[in-house]
Amino acid sequence: MTETFVALKLLIDNWRWAGVPFYLRTGKRLPKKVSEVSVHFRKVPHMLFSGVSDRIHRNFIAIRIQPEEGISLRFGSKVPGMKIRVQPVKMNFEYGGSFASSSPDAYERLLLDCITGDMTLFTHEQEAFHSWQLIDGIRDSWVSGPTPEFPNYSPGTWGPDEADQLLLRDNRKWRRL
145 MTETFVALKL LIDNWRWAGV PFYLRTGKRL PKKVSEVSVH FRKVPHMLFS GVSDRIHRNF
205 IAIRIQPEEG ISLRFGSKVP GMKIRVQPVK MNFEYGGSFA SSSPDAYERL LLDCITGDMT
265 LFTHEQEAFH SWQLIDGIRD SWVSGPTPEF PNYSPGTWGP DEADQLLLRD NRKWRRL
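Residues 145 to 321, numbered by the numbering used here, are exactly what the sequence shown covers, in order.
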């Protein structure tokens with residue numbers, strides 16, 4: 145009776161993000177505790193190198209929020225030489241590995257910002273309102289309608305198979321963390 149997992153596909157109704165899906169997944173007792181934003185770029189409509197389009201992976205940028213703050217970028221690169229071969233390459237930046245000093249943890253930073261009155265990292269009132277409006281709509285439909293069938297998942301997995309099916313319907317899959 146306690147919600148422990150959610151996988152969502154969200155669309156934002158404005159001109160900037162029209163048609164761009166946002167997939168969110170979170171849960172308890174998953175294999176890893178990790179927070180990241182992963183942006184997967186669309187395939188280009190035409191290929192620079194002929195005959196390699198089926199072997200090129202989508203480019204992406206992943207912004208790791210915790211536990212190891214950093215950024216990863218994956219993109220296709222031509223392998224040096226006369227043959228036309230493209231293979232994915234990765235560039236990684238890890239905040240902790242690049243600087244000698246350690247940064248305060250999130251709660252230390254949050255408390256310091258409260259004390260000094262710095263609102264930069266805080267959620268704006270309208271953002272919080274619209275976020276809760278979305279969640280309240282889901283909860284209200286659960287309360288008002290018949291009890292939905294919820295797929296279960298085993299601890300230590302990335303969630304129920306239905307979460308994978310959500311992305312497969314759009315010919316996508318979750319990024320392996």
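Don't be surprised by glycine CBs; every beta carbon is placed ideally from N, CA and C.
At the C-beta level, L265 and R253 come within 9 Å of one another. For Y167, the uninterrupted beta strand (DSSP E) segment begins and ends at 165 to 171. For F273, the enclosing alpha helix (DSSP H) stretches over residues 269 to 288.
In the structure shown, G241 adopts helical secondary structure according to DSSP, grouped into three states.
For L312, the enclosing alpha helix (DSSP H) covers residues 305 to 312.
For T301, the closest C-alpha among the options R208, K222, W318 is that of W318. Residue pairing by DSSP puts V233 in a beta bridge opposite F219. With fewer than 16 neighbouring CB atoms inside 10 Å of its own CB, V223 falls in the exposed class. Of the candidates K177, V188, P299, H184, the residue whose Cα lies closest to the Cα of F166 is H184.
Look at the beta carbons and you see the stretch 233 to 252 touching the stretch 203 to 220: at least three pairs across the two are nearer than 8 Å. Taking C-beta atoms as the reference points, S179 and Q210 count as a pair closer than 9 Å.
Scanning its chain for C-beta atoms nearer than 8 Å, with the 5 sequence neighbours on each side dropped, one finds around V150 the residues L168, R169, T170, G171, in chain order. Residues of the same chain with a CB within less than 6 Å of the CB of F219, apart from the 5 flanking positions on each side, are N203 in chain order. Secondary structure note for A162: it is in no beta strand (DSSP E), with a DSSP letter that is neither H nor E. If you draw a straight line from the Cα of S221 to the Cα of P189, it comes to about 17 Å. If you look at L152, you'll find it in the beta strand (DSSP E) that goes 149 to 155.
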